[in-house]
Every structure is written in C-alpha cells, then in structure tokens.
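Shown next, in structure tokens, is the structure this report addresses.
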Amino acid sequence: MKSGDFTYRLLSSVLLALLLSTSSQAHEALSQLEKAHDMELQHGLEKILEKHRLSSAVDNKKLALFIADLSDLENPRLAHVNGNQMMYAASLPKLAILVAAFVKVDRQQLELDESLWKDMNRMIRYSDNAAASRVLERVGKEDLLSILQEPEFMLYDREHGGGLWVGKAYSKDLAYRRDPLANLSHGATAIQAARVYYMLLSGKLLGPELSNKMLEILSRPGINHKLVKGLREKYPDATIYRKSGSWRNYHSDSAMIEVDNHHYLIVGLVEHPDGSQWLTNLAVPILDLLKKPKTTD
0 MKSGDFTYRL
10 LSSVLLALLL
20 STSSQAHEAL
30 SQLEKAHDME
40 LQHGLEKILE
50 KHRLSSAVDN
60 KKLALFIADL
70 SDLENPRLAH
80 VNGNQMMYAA
90 SLPKLAILVA
100 AFVKVDRQQL
110 ELDESLWKDM
120 NRMIRYSDNA
130 AASRVLERVG
140 KEDLLSILQE
150 PEFMLYDREH
160 GGGLWVGKAY
170 SKDLAYRRDP
180 LANLSHGATA
190 IQAARVYYML
200 LSGKLLGPEL
210 SNKMLEILSR
220 PGINHKLVKG
230 LREKYPDATI
240 YRKSGSWRNY
250 HSDSAMIEVD
260 NHHYLIVGLV
270 EHPDGSQWLT
280 NLAVPILDLL
290 KKPKTTD
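What the sequence shown shows, in numbering that gives the first Met the number 0, is residues 0 to 296, in sequence order.
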C-alpha cells in the first residue's frame with residue numbers, strides 16, 4: 000500500500016469531495032480537500048493493516064476501509080484504502096432503502112405510519128429481509144434508484160466509482176436492475192456508505208426532525224458482531240449508529256461511533272471467509288487511532 004504519491008492524494012481529494020458535497024457543492028478546491036486527507040491517520044491505518052496481515056487483501060481489492068474523525072464537521076480528518084471500490088455489500092445497502100423512505104416521507108409521498116416505522120427498525124437493527132422487502136415495495140424500486148442518483152444526494156455516482164445500490168429485493172426474487180458499473184445487485188463503496196452518516200450528522204440529508212428519526216433507527220444495533228462486537232469490548236458506553244451485511248464470503252459494516260461527545264466513522268467492506276472477524280479485530284485499533292490527537296500539521 001503506497002499512500003504518498005500524487006495519484007493517491009488526488010483520489011483522496013475526490014473522495015473527500017464526495018463526502019462533503021451535495022448538489023452544487025460538488026467539487027471544492029483541491030488544496031482545501033487535501034487538508035482533510037490526513038497522512039498521519041493514513042499511515043496509522045496502514046500500520047494497523049500490516050500488523051493484522053491484511054495489506055495483501057487491500058492490494059487485491061478484497062478489503063476496503065474508510066475512516067474519519069468527524070469531531071469538527073467543517074474540517075473532518077479521513078483516511079482510506081480502496082475507499083471508492085465498488086463491492087458486494089449484502090445487507091449494508093438497506094441503508095439506501097432507509098434514506099429513500101425518509102426522502103419520500105419528507106416529500107409527502109409516503110406516510111410514516113406505525114407499520115413502516117416498525118419495518119424500518121427491523122430492517123436496520125436486525126437486518127430483517129422480509130421487512131426490508133416490504134419497505135422497498137412501499138418506496139418503489141425504480142424510485143429508490145432514482146433518489147440515490149439525484150444531484151441532491153449522489154449516493155450512487157457513475158462518474159466516481161458507484162456507491163450504494165439496491166437492484167434486488169431481499170428475497171428469492173431475481174435482480175431487477177444490477178448496477179451499471181460492477182453488475183452488482185446489492186453494492187456499496189465505503190465512501191458512499193460513510194456519506195450517509197456524515198450527511199445525517201451535518202444536517203445535509205434531511206431536516207432535524209427526520210434526521211433524528213433516522214438516527215434513532217440506526218442506533219442500538221440488535222446484532223453483536225463485526226465492528227459492534229469489537230467496539231463493545233473496550234467502549235461499552237459508546238453510542239453506535241450502524242448497518243452491516245453478510246452473505247457467504249462477503250462481509251460489510253458501517254458504524255458512526257459517539258464517544259465523549261465526539262463522532263467517528265468506520266466503514267469496512269470485505270470479501271473473505273474470515274471477513275467478519277477481520278472487522279471485529281480492526282474496530283478497536285482503528286477507533287483508538289481516530290481518537291488520538293493530531294500531532295502534525
């Protein structure tokens with residue numbers, strides 16, 4: 000993993016532009032963007048991966064990670080490996096169904112009734128496939144994909160590697176529309192999963208009332224594995240907002256962690272039989288890294 004060359008820094012700047020941008024804000028000045036790609040964090044992340052013997056997984060594009068310190072929303076610090084790599088993400092893209100449902104609620108195109116609220120909670124906290132499919136039907140399959148690609152959100156961006164994609168119900172039904180870049184039915188990039196949390200936290204996704212409702216659904220994870228399992232061992236009192244996914248050798252997790260009034264982001268996508276354990280093992284070292292005060296400018 001080489002992080003010091005211009006190409007890498009340019010990609011990191013594009014990733015930050017994606018993280019921060021909505022609508023006409025799409026791409027800020029390169030010099031400003033590079034300030035957020037923190038080389039101290041980057042080197043620390045790479046050392047953690049080397050220690051856990053995962054550098055080859057990164058090189059082979061079997062592991063993608065995006066991490067960020069969101070303590071200062073105007074000046075986030077981030078690092079990544081394969082942050083813009085489209086990967087199969089199993090149930091993690093249920094996050095996209097949640098976003099689209101709340102967008103339609105905000106537009107008064109969908110009623111936030113008791114059954115929808117219960118299904119969204121089960122879809123996120125317990126990754127209930129039947130609940131996810133019911134919410135998807137109420138949102139509308141094509142409407143969901145359209146919302147993800149709207150300039151206001153750009154959670155799937157064909158010009159920058161893709162992003163969150165749901166082209167199949169969470170059932171035995173065949174895929175109805177695979178993503179145009181990687182031909183995946185349920186896909187994600189680490190950066191676009193991270194953007195959902197960033198946009199929620201910064202108020203750039205929806206208004207305060209609906210944003211708080213979304214955060215409520217994402218809180219109190221009901222499944223203790225992957226990042227959550229690792230984090231709870233050392234940080235039992237942390238507030239964790241989370242969505243994960245697993246299918247066969249594909250394991251993914253996304254978590255925004257609130258500790259001592261600071262917010263941190265970890266998103267991981269893995270293709271490996273031991274991927275779930277990899278994420279558990281990486282959770283605490285990465286959060287410890289993010290919590291360290293910056294020592295260089």
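Note that beta-carbon positions come from the ideal geometry of N, C-alpha and C, so glycine has one too.
Quick caveat: nothing in here was measured; it's all calculated off a predicted structure.
### Query
Do Arg241 and Pro207 have their C-beta atoms closer together than 8 Å?
no
### Query
DSSP puts Glu270 in a beta bridge; with which residues?
Tyr249
### Query
CB-CB under 6 Å to Pro284, same chain, minus the five flanking residues each way: which ones, in chain order?
Ile47
### Close-in-space but distant-in-sequence residues of the same chain around Leu250 (CB under 6 Å, 5 per side omitted)
Reading off the sequence shown, one finds His at residue 250, where the question assumed Leu. Excluding residues within five positions, the ones whose Cβ falls inside 6 Å are Val269, Gly274 and Ser275.
### Query
Assuming Leu69 and Leu200 make a contact with CB atoms under 8 Å, what is their CB distance in whole Å?
6 Å
### Message
Report the start-end ranges of each beta strand (DSSP E) in the stretch 55–87 that is 3 residues or longer and not cut off at the edges.
### Response
62–68 and 76–80
### Query
Considering Gly186, what are the terminal residues of the beta strand (DSSP E) in which it resides?
His185 to Ala187
### Message
Looking at Leu77: is its Cβ nearer than 8 Å to the Cβ of His36?
### Response
yes
#### Entry: Candidates Met119, Arg52 and Ala282, of which the one nearest Lys212 by Cα
Met119
### Message
With H, G and I counted as helix, E and B as strand and the rest as coil, what does DSSP make of His261?
### Response
strand
#### Entry: The alpha helix (DSSP H) enclosing Met119, as first and last residue numbers
Glu113 to Arg124
### Message
Checking 8 Å against the spacing of the C-beta atoms, do Met255 and Gly186 come in under that value?
### Response
no
### Query
Based on Cα-Cα distance, which residue from Leu94, Asp259 and Pro272 lies nearest to Leu289?
Asp259
### Query
Mind pulling the alpha helix (DSSP H) runs of 4 or more residues that sit fully within the stretch 168–228?
189–201 and 207–217
### Message
Can you look up Ala89 in the DSSP assignment and give me helix, strand or coil?
### Response
coil
### Query
For the alpha helix (DSSP H) that Met38 lies in, which residues bound it at each end?
Met38 to Lys50
### Task
Using alpha carbons as the reference points, say which of Ser245, Tyr263 and Arg247 lies closest to Ile239.
Tyr263
### Query
Given 8 Å as the limit, is there contact between the stretch 127–143 and the stretch 163–177, that is, 3 or more CB pairs closer than that?
yes
### Outcome for Leu72 when other beta-carbon atoms lying within 10 angstroms are tallied against a minimum of 16
exposed
### Task
Kindly list the residues whose CB is nearer than 6 Å to the CB of Phe152, restricted to its own chain and excluding five residues on each side of it in sequence; keep chain order.
none
#### Entry: Minimum C-alpha distance to Pro75 - residue among His261, Ala130, Leu281 and Gly267
His261
### Query
Below 8 Å between beta carbons: does that hold for Gly160 and Leu154?
no
### Task
Kindly indicate which residue of Ile96, Glu113, Pro235 and Ser170 has the alpha-carbon position closest to the one of Leu144.
Ile96
### Message
Short of 8 Å in beta carbon distance, which residues of its chain neighbour Arg106, apart from the five on each side in sequence? Order them along the chain.
### Response
none
### Task
Leaving aside the five residues before and after Val266 along the sequence, list all residues of the same chain whose C-beta is less than 6 Å from its C-beta, in chain order.
Phe65, Ala189, Ala192, Ala193 and Ser253
### CB-CB length for Phe101 against Leu209, believed under 8 Å
5 Å
#### Entry: Leu29 (DSSP reduced to helix, strand or coil)
Caution applies to Leu29, whose pLDDT of 36 falls short of 50 and renders its modelled position unreliable; the model cannot decide the point.
### Nearest-angstrom Cα separation, counted from Lys203 out to Gln24
Low confidence applies here, because Gln24 scores a pLDDT of 44, under 50, leaving its location unreliable and the question unanswered by this model.
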